[in-house]
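Participant: Just passing along the structure, written as structure tokens.
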Amino acid sequence: MAFWWSLLVLALAFAIGKFLLWLIPPKVPSIDVDASDVLDDGNQAQENSFIYVPPRGAAQQSGTKVQCYEPATMKYLGYVPALTADEVREQVEKVRKAQKMWAKTSFKQRRQFLRILLKYIIKHQALICEISSRDTGKTMVDASLGEIMTTCEKIHWLLSEGEKWLKPEYRSSGRSMLHKSARVEFHPLGVIGAIVSWNYPFHNIFNPMLAALFSGNGIVIKISENASWSGCFYFRIIQSALAAIGAPEDLVEVITGFGETGEALVSSADKVIFVGSPGVGKMIMRGASETLIPVTLELGGKDAFIVCEDVDVDHVAQIAVRAVLQSSGQNCAGAERFYVHRSIYSSFVSKVTQIIKSVTAVSVLLKHSHATLF
Numbered sequence: 027m028a029f030w031w032s033l034l035v036l037a038l039a040f041a042i043g044k045f046l047l048w049l050i051p052p053k054v055p056s057i058d059v060d061a062s063d064v065l066d067d068g069n070q071a072q073e074n075s076f077i078y079v080p081p082r083g084a085a086q087q088s089g090t091k092v093q094c095y096e097p098a099t100m101k102y103l104g105y106v107p108a109l110t111a112d113e114v115r116e117q118v119e120k121v122r123k124a125q126k127m128w129a130k131t132s133f134k135q136r137r138q139f140l141r142i143l144l145k146y147i148i149k150h151q152a153l154i155c156e157i158s159s160r161d162t163g164k165t166m167v168d169a170s171l172g173e174i175m176t177t178c179e180k181i182h183w184l185l186s187e188g189e190k191w192l193k194p195e196y197r198s199s200g201r202s203m204l205h206k207s208a209r210v211e212f213h214p215l216g217v218i219g220a221i222v223s224w225n226y227p228f229h230n231i232f233n234p235m236l237a238a239l240f241s242g243n244g245i246v247i248k249i250s251e252n253a254s255w256s257g258c259f260y261f262r263i264i265q266s267a268l269a270a271i272g273a274p275e276d277l278v279e280v281i282t283g284f285g286e287t288g289e290a291l292v293s294s295a296d297k298v299i300f301v302g303s304p305g306v307g308k309m310i311m312r313g314a315s316e317t318l319i320p321v322t323l324e325l326g327g328k329d330a331f332i333v334c335e336d337v338d339v340d341h342v343a344q345i346a347v348r349a350v351l352q353s354s355g356q357n358c359a360g361a362e363r364f365y366v367h368r369s370i371y372s373s374f375v376s377k378v379t380q381i382i383k384s385v386t387a388v389s390v391l392l393k394h395s396h397a398t399l400f
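With the first letter of the sequence shown counted as 1, position 51 gets the number 77 in the numbering used here; the numbers rise by one all the way through.
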């Protein structure tokens with residue numbers, strides 16, 4: 027009896043010890059990301075200044091370029107290279123080699139990568155928002171809601187739920203196969219190719235990257251030619267976090283360019299994720315059919331806003347304008363068609379017009395003068 031009592035005490039002590047260790051937060055290192063060149067006043071003196079992209083070789087610093095401007099002021103921000111098909115394939119192969127090593131890492135190491143990113147994002151959220159605002163014209167509030175909060179929430183979810191959803195799942199083998207067992211296992215696909223839009227440059231880079239890396243994949247992200255300046259700085263954050271855990275430096279690549287660049291990525295990756303228009307989405311699907319790779323499409327639409335006759339016009343007009351102008355009018359769920367009951371049509375249009383006239387566009391570089399919608 028004494029033996030079993032001692033064993034019970036030891037088991038209880040072990041359980042309490044594990045619980046106490048679980049309560050102690052893991053030590054998360056801080057990373058330092060050079061932001062000196064994105065904190066200037068936007069007055070780039072020379073149009074041949076190759077900026078914001080880590081060096082990829084002299085050959086890639088010539089040829090077709092993606093020119094970057096701040097939409098609120100049209101100040102020149104510099105340029106990035108438009109990669110050719112051969113250069114894209116070269117980047118994919120670099121990621122493929124790195125992914126083979128990364129696939130062998132533990133979930134513990136992958137969680138540490140996420141924690142490092144989360145710590146940096148929270149500490150430097152104002153900088154991240156300002157860079158997004160400069161490149162897209164959205165307000166700082168929109169950047170905070172659409173870039174920071176959504177990205178942090180997805181990191182939290184992966185930290186708490188990611189490993190559980192990637193564990194093997196057992197299935198019934200059926201009555202005719204009772205002598206067999208069956209289960210579903212999840213294995214990395216290899217190199218994910220993501221072609222993302224400009225409306226949320228920070229979130230749209232981090233969203234596919236977080237899931238891809240946590241599940242053991244590498245990723246090549248083709249950022250929009252309309253938001254390349256900010257995207258290349260956000261790439262630095264990822265690189266610094268990878269270096270902090272000793273991960274392969276080529277595990278994530280951000281590439282810039284136009285249609286040719288994206289087409290080459292579709293034909294080279296093991297899965298494609300696309301965020302953009304239905305027209306381009308169809309082209310992506312056709313291209314992916316050549317190699318029969320899986321495709322995830324997040325496509326835009328023409329969201330309808332219906333205004334009934336019994337609404338508070340003043341209140342709904344505020345919501346309507348916000349629905350149109352949120353994130354500089356480039357929100358994926360933004361209102362684009364209005365159906366207004368004829369009995370309140372005139373008063374609704376009058377109120378919306380009044381609100382719209384009060385909206386101003388202000389560069390985020392003018393400190394303490396950030397634009398607000400209302």
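For every residue, glycine included, the Cβ atom is placed at its ideal position computed from N, Cα and C.
Do A220 and P234 have their C-beta atoms within less than 8 Å of each other?
Facilitator: In this structure, P234 lies closer than 8 Å to A220 by Cβ.
Participant: Is the CB of E156 under 8 Å away from at least one CB in chain C?
Facilitator: Included in the structure is just one protein chain, with no chain C present.
Participant: Jot down the residue ranges of each uninterrupted beta strand (DSSP E) in the stretch 198-263, minimum 3 residues, whole runs only, in chain order.
Facilitator: Whole beta strand (DSSP E) segments, 3+ residues: 208-210, 217-221, 244-248.
Participant: Compute the Euclidean distance between the alpha carbons of C178 and T165, then round it to the nearest angstrom.
Facilitator: Whole-angstrom Cα-Cα distance: 19 Å.
Participant: I need the DSSP call for T99, collapsed to helix, strand or coil.
Facilitator: In the structure shown, T99 sits in coil (DSSP, three-state: anything other than H, G, I, E or B).
Participant: Return the residue from the list A314, H205, C258, S199 that minimises the CA-CA distance to P227.
Facilitator: Nearest of A314, H205, C258, S199 to P227, Cα basis: C258.
Participant: Touch check for the stretch 330-340 and the stretch 267-274: three-plus C-beta pairs under 8 Å?
Facilitator: No: the two stretches stay apart, fewer than three of their Cβ pairs being nearer than 8 Å.
Participant: Distance, Cα to Cα, A152 vs T110?
Facilitator: Cα to Cα, the separation comes out at about 34 Å.
Participant: Tell me whether the beta-carbon of I147 lies closer than 8 Å to the beta-carbon of I174.
Facilitator: Yes, the pair counts as a contact, with Cβ atoms nearer than the cut-off.
Participant: For K180, which option in E324, K383, H229 has the closest C-alpha, if you only look at C-alpha atoms?
Facilitator: Cα-wise, what sits closest to K180 is H229.
Participant: Considering only residues of the same chain and omitting the five flanking positions on each side of S354, which have a CB-CB separation below 7 Å?
Facilitator: Counting only Cβ-Cβ distances below 7 Å, and skipping sequence neighbours, we find T162, G163, K164.
Participant: Terminal residues of the continuous beta strand (DSSP E) containing L325?
Facilitator: It spans 321-325 - the beta strand (DSSP E) in which L325 sits, taken as one unbroken run.
Participant: Tell me the DSSP secondary structure of G360 in three-state form.
Facilitator: In this structure, G360 counts as coil in the three-state DSSP scheme.
Participant: Looking only at its chain, what residues have a beta carbon closer than 6 Å to the beta carbon of E279, apart from the 5 residues adjacent to it on each side?
Facilitator: The answer, listed in chain order, is Q117, V121, V246.
Participant: Determine the closest residue to E119 out of I319, G216, F261, I381, with distance taken between C-alpha atoms.
Facilitator: Minimum Cα distance to E119 is reached at G216.
Participant: Tell me the rounded alpha-carbon separation between P52 and V64.
Facilitator: Between P52 and V64, the C-alpha separation is close to 32 Å.
Participant: Would you list the one or two residues that DSSP bridges to C155?
Facilitator: BP columns for C155 are empty, so no partner.
Participant: Look at the alpha carbon of V385 and the alpha carbon of G326, and state the distance between them as a whole number of angstroms.
Facilitator: Rounded to whole angstroms, V385 to G326 spans 25 Å at the Cα level.
Participant: Please check the pair I310 and A295, which I expect to be a contact at CB under 8 Å, by giving their CB distance rounded to whole angstroms.
Facilitator: The pair is not a contact, with the Cβ atoms about 11 Å apart (cut-off 8 Å).
Participant: On the CB-based measure, 16 or more other CB atoms within 10 Å of its CB, does T282 come out buried or exposed?
Facilitator: When all chains shown are included, T282 counts as buried.
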